[in-house]
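Note sheet for the following structure.
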Amino acid sequence: MADFRNRYGEVFGAVKEDRLSTWENTWFVSTLNQYDKARDELLNSLVDVLKSFDPKRPQEGAEWKSALDKGLSQVADKLAQFQKPPQPDMSTYLRLEILDFTAAEGGFYANLRKSEDLGILIDRMLAIAHNLDEKRDTLESVWEEDLDDAEDFNEKAMDVADEIREVIQEAIEFAAENNKTLQEKIAFALKTYESKPDGSASPTDALAVFPAFKAAVDAILQIAGKAADWWLSSAGKVETRKAEIGKAFAAFSRLFVTFKETRADTEKFLKDWNLEEAKKAYEQVLRRFDELIGSGSLTRGQKDDLALLKKEVVDPIDDLLDLVEDRFEEFVKEHQSKFFGPVSPSIENMLTHEPEWESTIRELKSKKLYELLQQYQETARIVVSVDGLDEVHRNYLKDTLEDDFDKLMKAIAPLAEKSAKEDLEQAVKDLVTGLKLYFR
Amino acid sequence: MELTKTTDTPRSGLQTRHSPETGLEVTWIEWDSPFRATSLRPGDILTAVNGRRVGKGGVGKGEEELDPDRAPGGLQETKTWTDAGLRPGDSVTLEAERDGEFLVAAAPLGAESFYYTAEGRRAMAPGGPERMTNDGFSGPWAGWYETKVKDWSWLLYKGWRQTFNTRQTLAEHLAERERVDFAVERFPGLFSETLRRDWEAVKELLQGTLWPAESIDLGYRQQQERLAERVAEAGRQAELAFVAGLAAAVAAPFPAPDPLRDRPEDYAGRIVKIDNVTMRSLRSDAGHPWFIPGDPQSGFYFLDGHSPENRALFAAQHEYAKRVSNSFPERYRFYCSLLDEPRRTKLDGRVITGLKVRLLAASIGDACFVDLTRLEGRAPFAGFELLDQGPLAMPADDAPPESVLRVFFEAAKQGRQDLWIALFANFRLTESASGIRIVEPTRGASERDVYYQWDNARRELFKDVLDVKIVRKGPEEVVLRHRETGAPLFRECRIEVEHVGQFDGEHRSFLRHPLHRVWVLQAMADGPWRIRDVNGL
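Protein chains in written order, with our numbering: chain A, 35 to 474; chain B, 4 to 540.
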């Protein structure tokens with residue numbers, strides 16, 4: 035405990051003992067001692083308030099004020115004792131000394147009362163520590179929830195992507211199978227054609243004449259027709275999946291909007307509750323003390339007592355600043371590059387699952403469905419360009435096969451290739467680009 | 004059987020209490036004291052006995068003065084009489100002071116007496132009642148009477164200078180009537196007559212001053228009630244107009260949109276009415292206040308407590324409480340537009356997500372309505388123009404203390420908090436009876452204290468207190484002068500007021516916590532008079 039007795043010594047020295055009667059001397063010294071004790075307790079209670087700070091209870095402003103009020107009430111009671119001398123014959127000298135002394139002490143307390151804002155400043159520092167702690171914890175939970183949601187949305191989108199992949203895979207297998215059958219049928223048709231009798235006939239006749247050739251061409255057309263049906267059905271499936279994936283990605287992007295709002299919120303929070311603010315409050319506290327000590331209306335003894343009070347409270351306030359610093363560092367360590375500052379790639383990836391999507395896209399791209407479809411077209415061309423096919427038959431086949439295949443290709447290609455793969459790729463690209471916009 | 008045994012010991016039959024501050028105060032006059040027949044009564048300050056001054060004791064005691072211990076009611080009173088050769092029946096003259104006026108009471112000295120019943124048992128008075136019987140009432144007569152004397156003495160000599168609940172005490176006092184009537188009927192005589200008179204005197208004291216109905220100024224109450232009604236009506240109209248003027252229909256707030264799963268285009272532009280929002284939904288989120296109405300099943304909304312709209316709302320509420328009435332339910336009806344700004348935080352240990360909303364308008368407890376769509380240059384709430392600032396102004400710097408106090412009470416009645424606060428002093432000087440002055444560290448009027456007291460004052464004025472009357476003004480005394488020039492540094496004046504309420508159809512003064520009867524006003528040098536302590540009413 036500090037010994038705030040500078041003022042006591044001053045008063046003791048100022049009141050001349052030889053001008054007091056015996057009872058006055060005894061009574062005055064005893065009353066002054068009692069008063070001094072209350073005054074000392076008041077100043078020490080202020081120091082104690084600071085030494086017992088608890089960041090979970092940032093009410094130091096109120097506690098400082100309450101200690102001040104309580105202490106002031108006690109010193110007022112002790113001061114009132116100067117009005118109750120045991121004997122009625124108090125000298126004018128002592129009466130005037132008491133009035134002077136109490137008036138000066140009144141000034142001292144009026145000054146000390148101005149320190150109420152010290153409590154508020156200290157409370158501000160505690161509140162910064164407390165809020166950093168609370169916000170760190172809140173953001174930790176929010177981040178977990180964000181990750182859970184990202185995982186959930188990603189899973190849903192990835193399920194749809196898997197379905198698309200399956201449809202494409204089935205298409206590839208179907209196309210490969212068809213191609214094989216087609217090749218066989220074409221080979222058979224060509225063989226039949228090569229063994230045709232001489233002489234010219236109309237294409238219809240030729241087909242009539244060469245039933246085997248006709249059967250082969252019919253088979254080709256049938257395969258192509260079946261393929262078209264199958265593709266249209268698959269394309270429908272892909273379209274449905276596209277809508278689903280769009281929905282999953284929309285939820286994804288809403289999560290990123292939420293994430294962006296959390297970041298904006300955090301930046302705003304850090305504007306109000308940061309280390310610099312705490313340092314400012316700290317400096318204000320010290321400056322405030324200097325102002326109090328420097329007040330011209332105080333006596334030397336009172337100034338010395340206030341200087342001692344400052345010395346006593348500096349250590350606990352330093353500790354408080356250290357505490358805020360620790361809290362701030364913890365906050366930064368935990369949430370920088372996530373909820374404030376540029377978002378780090380790893381955080382981006384945790385939310386977007388971008389690498390996972392890149393791999394999915396790569397895999398989809400590796401499915402050479404389009405090439406398989408092109409083989410259909412090639413097959414048609416092979417049939418049409420068979421050597422020795424007369425012009426009439428060639429034109430007939432061209433009309434029948436090549437055009438049909440062309441139409442087929444035109445119908446299938448966008449669905450199989452662009453919609454499923456490129457659209458998916460585009461959606462992922464949009465997602466990531468959008469996300470990066472939210473993060474910057 | 005002799006009913007009275009009288010000794011030779013002379014006595015005045017007065018009970019007194021001495022304090023250095025007030026002097027020797029008469030606290031009771033016994034029923035058989037000859038001074039009952041004089042104008043002396045409890046509360047009077049005895050200043051002289053047979054011409055000899057009664058000292059205050061302590062400071063200023065002179066040799067020629069009568070020590071309070073030897074004065075009437077003192078432990079050595081008898082000695083004073085016997086030393087002077089006085090016997091029972093010899094006349095003595097007492098001088099006393101009452102409210103600054105002097106009075107003289109002369110009466111013969113009484114004698115120490117003992118009373119008996121016809122059966123020879125000790126009695127309160129000749130013939131009864133018997134001291135140790137209770138006659139069917141609770142407690143024997145001796146104990147009951149002793150308690151009554153103690154209670155009634157305290158009431159009669161202290162009067163209303165100390166705060167106590169006068170109406171409650173009156174109810175307790177009226178309950179004693181049966182026993183008093185019994186004594187009068189069964190034991191007629193001086194004791195019972197005095198008992199009845201004392202009971203009546205206490206009753207009259209506790210009933211308080213009767214004020215004619217026409218002297219009670221209830222204008223402020225009617226004015227406030229009318230004003231509150233008109234403001235509420237203006238609010239209802241403004242709310243209807245507000246809703247009618249909205250571009251979209253007002254939607255039910257719950258279930259609240261899920262910001263992650265619902266499409267913004269489905270709720271964009273939606274305006275919701277969130278009713279019955281209480282202060283319980285105002286939560287601090289790491290130092291930032293948010294109204295968060297909703298629940299985990301129906302979803303949540305976030306309303307920024309620091310938004311300009313919300314600040315304007317609270318400012319309006321504060322203004323309403325100050326100027327119109329501070330009794331309204333703290334329950335809000337919010338009109339909000341949904342923002343496409345999802346917010347996620349932790350509330351009561353769980354993470355919640357909801358949409359931020361912008362406050363467009365609000366009804367505060369159906370008492371007033373605030374349109375927040377335009378913040379600049381608008382009135383705090385609908386019907387604000389109905390409020391009249393009134394002619395009440397700060398008293399002039401040279402206004403006497405009673406005028407200052409009158410303006411203070413009027414300011415409370417009219418909801419002029421600014422004026423009310425400005426009339427408190429920011430200094431304090433106290434002085435003991437022995438003349439020793441000290442400058443106290445003033446506790447000052449902290450904002451919290453002031454608002455607490457303001458609320459008290461307004462609550463009382465619109466509840467039990469109908470009016471406050473200034474009934475007594477003490478002298479304007481200079482209590483501190485400049486040490487060298489003698490110029491006045493502090494002046495002080497005590498003013499007594501009475502709070503008037505309505506009881507059984509009558510307007511009567513009454514007192515109870517936290518009402519203040521005695522107000523101390525101080526003026527520094529030749530500055531204006533101000534109220535020393537922060538009290539409400």
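Glycine included, every Cβ here is placed at the ideal spot set by N, Cα and C.
Ranked by Cα distance from B/D35, the first of B/E24, B/L524, B/S195 is B/S195. Separation of the CB atoms of B/T83 and B/T12 is rounded to 12 Å, and the pair is thereby denied contact status at 8 Å.
Under the 8 Å criterion on CB atoms, A/F303 is classed as interfacial with respect to chain B.
DSSP places B/R347 in the uninterrupted beta strand (DSSP E) bounded by 334-350. Within chain B, the residues K349, V354 have their CB atoms less than 7 Å from the CB of A/S175, given in chain order. B/G308 does not reach chain A, its nearest Cβ partner there being about 13 Å away, counting only Cβ pairs nearer than 7 Å. Against chain B, the CB of A/D299 has a partner CB under 8 Å away; the residue lies at that interface.
Across the segment 275-298 of chain B, CB contacts with chain A closer than 8 Å involve D288, A289, G290, H291, in sequence order along the chain. At least 8 Å separates the beta-carbon of A/I381 from that of A/K367.
Under a criterion of Cβ atoms nearer than 7 Å, the residues of chain A adjacent to B/R440 are, in order, L133. In the DSSP assignment, B/A121 falls outside any alpha helix (DSSP H) and carries neither an H nor an E. The segment 4-86 of chain B is shown to contain whole alpha helix (DSSP H) runs of 4 or more residues at 80-86, in chain order. For B/S330, no beta strand (DSSP E) encloses it, and the DSSP letter there is neither H nor E. Contact check between the segment 351-371 of chain A and the segment 95-102 of chain A: fewer than three CB pairs, one atom from each, fall below 8 Å, which does not count as touching.
Taking all protein chains in view, the Cβ of A/L340 is crowded by 16 or more other Cβ atoms within 10 Å, so the residue is classified as buried. Distance from the CA atom of A/W391 to the CA atom of A/R199, rounded to whole angstroms, is 13 Å. Within the segment 302-327 of chain A, K302, F303, D306, W307 place their CB atoms closer than 9 Å to a CB of chain B, listed in sequence order.
Beta bridge pairing from DSSP links A/S86 with no other residue. Boundaries of the alpha helix (DSSP H) harbouring B/G146: 144-161, taken from the DSSP string. When DSSP states are grouped into helix, strand and coil, A/L357 belongs to the helix group. Residues of the segment 329-348 of chain A that bring their beta carbon within less than 8 Å of a beta carbon in chain B are absent altogether. Close partners of A/V83 in chain B (Cβ separation under 9 Å) are lacking, with about 17 Å as the shortest Cβ gap. Here B/R511 carries a strand assignment [DSSP, helix/strand/coil]. About 7 Å separates the Cβ atoms of B/Y118 and B/M127, confirming a contact at the 8 Å cut-off.
DSSP places B/W522 in the strand class (E or B) of the three-state scheme. Per the C-alpha coordinates, the member of B/H519, B/V474, B/E480 positioned closest to B/N168 is B/H519. Distance check between B/I277 and each of B/D421, B/P345, B/A289, B/S301 places B/S301 closest, using alpha-carbon atoms only. DSSP, read as helix, strand or coil, puts B/L358 in strand. Here A/N40 is not near A/L326, since their CB atoms are 8 Å or more apart.
Per the C-alpha coordinates, the member of B/R233, B/N538, B/E487 positioned closest to B/L426 is B/N538. Residue state for A/K148 is assigned as coil, using DSSP reduced to three classes. The way I'd put it, the segment 248-255 of chain B doesn't touch the segment 209-227 of chain B; fewer than three beta-carbon pairs between them come closer than 8 Å. When beta bridges are read from the DSSP output, A/S100 appears opposite no residue. Between A/P389 and A/N383 the beta-carbon gap is near 6 Å, inside 8 Å, which marks them as a contact. In this structure, DSSP gives A/S371 a state outside helix and strand, which the three-state scheme calls coil. Runs of alpha helix (DSSP H) with 4 or more residues, each lying fully within the segment 357-443 of chain B, are found at 404-417, 420-425, listed in chain order.
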